[in-house]
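Undergrad:
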Amino acid sequence: MDEIIKKVRGMRGYKMGDKEISILCYADDAVLIAENEDDLQRLLHQFNLTAKSFNMIISASKTKCMTTSKTPLRCKLEVDGKSIQQEMKFKYLGIEISSYGDVEAEVREQATKAARIAGCLNDTIWRNKHIGIEAKARIYKATVRPIMTYTAETRPETTKTRRLLETTEMKVLRRITGKTLLNRERSENVRNMCKVDSINDWVLNRKQEWNDHINRMDDRRIVRIARDKYPLGRRSVGRPRKRWNDNLNVP
Numbered sequence: 024m025d026e027i028i029k030k031v032r033g034m035r036g037y038k039m040g041d042k043e044i045s046i047l048c049y050a051d052d053a054v055l056i057a058e059n060e061d062d063l064q065r066l067l068h069q070f071n072l073t074a075k076s077f078n079m080i081i082s083a084s085k086t087k088c089m090t091t092s093k094t095p096l097r098c099k100l101e102v103d104g105k106s107i108q109q110e111m112k113f114k115y116l117g118i119e120i121s122s123y124g125d126v127e128a129e130v131r132e133q134a135t136k137a138a139r140i141a142g143c144l145n146d147t148i149w150r151n152k153h154i155g156i157e158a159k160a161r162i163y164k165a166t167v168r169p170i171m172t173y174t175a176e177t178r179p180e181t182t183k184t185r186r187l188l189e190t191t192e193m194k195v196l197r198r199i200t201g202k203t204l205l206n207r208e209r210s211e212n213v214r215n216m217c218k219v220d221s222i223n224d225w226v227l228n229r230k231q232e233w234n235d236h237i238n239r240m241d242d243r244r245i246v247r248i249a250r251d252k253y254p255l256g257r258r259s260v261g262r263p264r265k266r267w268n269d270n271l272n273v274p
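With positions in the sequence shown counted from 1, the corresponding number in my numbering is that position plus 23.
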């Protein structure tokens with residue numbers, strides 16, 4: 024795979040400032056990135072030729088293509104005469120990747136999963152009078168919160184995503200303490216009873232730790248390039264979308 028990466032990296036990819044990103048790899052999976060359909064087809068052709076020289080075969084049925092745009096764009100690619108299926112969204116490692124990067128839909132789905140897991144623990148854990156609040160809070164931190172915050176340190180935040188995470192968390196914490204909205208107990212008091220920090224503050228700390236980790240990376244690392252560089256061209260009409268580092272102190 025290292026030889027394939029070297030071949031592809033020398034070709035035209037997606038410009039980020041004075042750098043270009045043409046390939047991303049994780050284990051045996053690879054993502055080819057380009058600014059237009061022709062350049063992407065060239066990348067795919069070179070990747071396929073180099074892979075064949077090492078007796079590696081690209082599975083056309085498992086390979087997908089996607090465009091990033093507010094409006095759907097056609098992207099017709101081929102490998103060994105076989106067409107590559109175009110997708111608007113797909114799941115990879117538990118995260119749904121969409122053509123327009125709908126962060127709110129991603130957070131909503133994870134919050135729903137977390138609420139479902141929390142619901143399964145109602146009778147056995149949350150309403151169990153033989154388990155203390157502190158023990159229940161530790162179970163929440165170990166089982167429910169990781170589902171809500173999976174990859175949270177790598178995505179931007181919006182007012183809706185912050186509210187969604189906080190609402191889902193407070194529903195669980197109120198079950199743990201036995202306090203409903205009718206008790207008119209402030210959320211801050213419920214958190215103090217459980218000794219649990221706000222989930223949004225927890226996510227912010229995770230993002231800061233990830234940012235510090237990026238700072239220690241070499242300037243040639245793709246993660247460093249993606250954080251520090253900006254795509255070329257003009258912004259689209261309308262309000263700019265939230266960026267990952269909007270709530271961080273990033274130089």
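Using N, Cα and C, we set each Cβ at its ideal position, and we do this for glycine too.
Comparing C-alpha positions only, which one of 191, 188 and 175 sits nearest to residue 354?
TA: The chain is shown only over 24 to 274; residue 354 falls outside these bounds and no answer can be derived.
Undergrad: Give me, in chain order, the residues of the same chain whose beta-carbon lies closer than 8 Å to that of residue 123; leave out the 5 immediate sequence neighbours on both sides.
TA: Along the sequence shown, read from residue 1 onward, the residue named residue 123 stands at position 100. Hits under 8 Å: 91, 92 and 93.
Undergrad: Between the Cα of residue 263 and those of 97, 223 and 181, spot the shortest distance and give me the residue it belongs to.
TA: Numbered from 1 along the sequence shown, position 240 holds the residue referred to as residue 263. Closest by alpha carbon: 181.
Undergrad: Please find out if some non-hydrogen atom of the ligand COA comes closer than 7 Å to the beta-carbon of residue 82.
TA: The model on display carries no ligand, and the ligand COA is accordingly not part of it.
Undergrad: My understanding is that residue 57 touches residue 37, with C-beta atoms under 8 Å, so please give their C-beta distance in whole angstroms.
TA: Residue mapping note: residue 57 aligns to position 34 of the sequence shown, counting from 1. Residue mapping note: residue 37 aligns to position 14 of the sequence shown, counting from 1. Indeed, because the Cβ distance is near 6 Å, the residues count as touching under 8 Å.
Undergrad: On a CA-only basis, which of 200, 119 and 170 is nearest residue 157? Give me that one, please.
TA: Walking along the sequence shown from the start, residue 157 turns up at place 134. When only C-alpha atoms are compared, the closest one is 200.
Undergrad: Ends of the beta strand (DSSP E) at residue 23?
TA: In this structure the chain extends from 24 to 274, so residue 23 is not present and cannot be described.
Undergrad: My understanding is that residue 107 touches residue 87, with C-beta atoms under 8 Å, so please give their C-beta distance in whole angstroms.
TA: Along the sequence shown, one-based indexing puts residue 107 at 84. Along the sequence shown, one-based indexing puts residue 87 at 64. Confirmed, Cβ separation roughly 7 Å.
Undergrad: Between which two residues does the beta strand (DSSP E) holding residue 79 run?
TA: Within the sequence shown, the letter at position 56 stands for residue 79. Here residue 79 belongs to no beta strand (DSSP E), and DSSP marks it neither H nor E.
Undergrad: Which residue from 253, 98, 151 and 146 puts its Cα closest to that of residue 43?
TA: The residue given as residue 43 occupies position 20 in the sequence shown. Here the closest residue by C-alpha is 253.
Undergrad: With a cut-off of 8 Å on the beta carbons, I'd call residue 83 and residue 105 a contact; round off their distance for me.
TA: For the purposes of this step, residue 83 is taken as the residue at position 60 of the sequence shown. For the purposes of this step, residue 105 is taken as the residue at position 82 of the sequence shown. So it is a contact: roughly 4 Å between Cβ atoms.
Undergrad: Hey, which unbroken runs of the beta strand (DSSP E) at 3 residues or more fall wholly within the segment 109-177?
TA: Runs found: 112-115 and 118-121.
Undergrad: On the three-state DSSP scale, how would you describe residue 202?
TA: Along the sequence shown, read from residue 1 onward, the residue named residue 202 stands at position 179. Coil.
Undergrad: Are the segment 212-223 and the segment 149-163 in contact at 8 Å, needing three or more beta carbon pairs?
TA: The answer is yes - the segment 149-163 touches the segment 212-223, with three or more Cβ pairs under 8 Å.
Undergrad: Between the C-alpha atoms of residue 247 and residue 71, what's the straight-line distance to the nearest angstrom?
TA: Against the sequence shown, residue 247 aligns to sequence position 224. Against the sequence shown, residue 71 aligns to sequence position 48. So the two alpha carbons sit approximately 28 Å from each other.
Undergrad: From 50, 73, 46 and 75, pick the residue whose C-alpha is nearest to that of residue 63; which is it?
TA: Along the sequence shown, one-based indexing puts residue 63 at 40. Of the listed residues, the one whose Cα sits closest to residue 63 is 46.
Undergrad: Taking all protein chains shown into account, decide if residue 67 is buried (16 or more other Cβ within 10 angstroms of its Cβ) or exposed.
TA: Residue 67 sits at position 44 when you count from the first residue of the sequence shown. Its Cβ being crowded by 16 or more others within 10 Å, residue 67 is buried.
Undergrad: Which of the three DSSP states is assigned to residue 249 in this structure?
TA: In the sequence shown, the residue the question calls residue 249 occupies position 226. Here residue 249 sits in helix by DSSP.
Undergrad: So, at 8 Å on beta carbons, what are the nonlocal neighbours of residue 179 in its own chain, with the 5 sequence-adjacent residues on each side left out?
TA: Looking up residue 179 in the sequence shown gives position 156. Here the set comprises 126, 264, 265, 266, 267 and 269.
Undergrad: Do you know offhand how far residue 141's Cα is from residue 167's?
TA: Here residue 141 refers to the residue found at position 118 of the sequence shown. Here residue 167 refers to the residue found at position 144 of the sequence shown. Going from the Cα of residue 141 to the Cα of residue 167 covers about 6 Å.
Undergrad: Compare the beta carbon distance of residue 249 and residue 39 with 8 Å and say whether it is the shorter of the two.
TA: For the purposes of this step, residue 249 is taken as residue 226 along the sequence shown, with counting starting at 1. For the purposes of this step, residue 39 is taken as residue 16 along the sequence shown, with counting starting at 1. Yes, they are a contact pair.
Undergrad: Runs of 4 residues minimum, wholly inside the segment 211-269: which ones carry the alpha helix (DSSP H) assignment?
TA: Entirely contained in the segment 211-269, the alpha helix (DSSP H) runs reaching 4 residues are, in chain order, 222-238 and 245-251.
Undergrad: What residue does the alpha helix (DSSP H) around residue 28 start on, and which one ends it?
TA: What you label residue 28 is simply residue 5 of the sequence shown in a count that begins at 1. Counting along the chain, the alpha helix (DSSP H) containing residue 28 begins and ends at 25-32.
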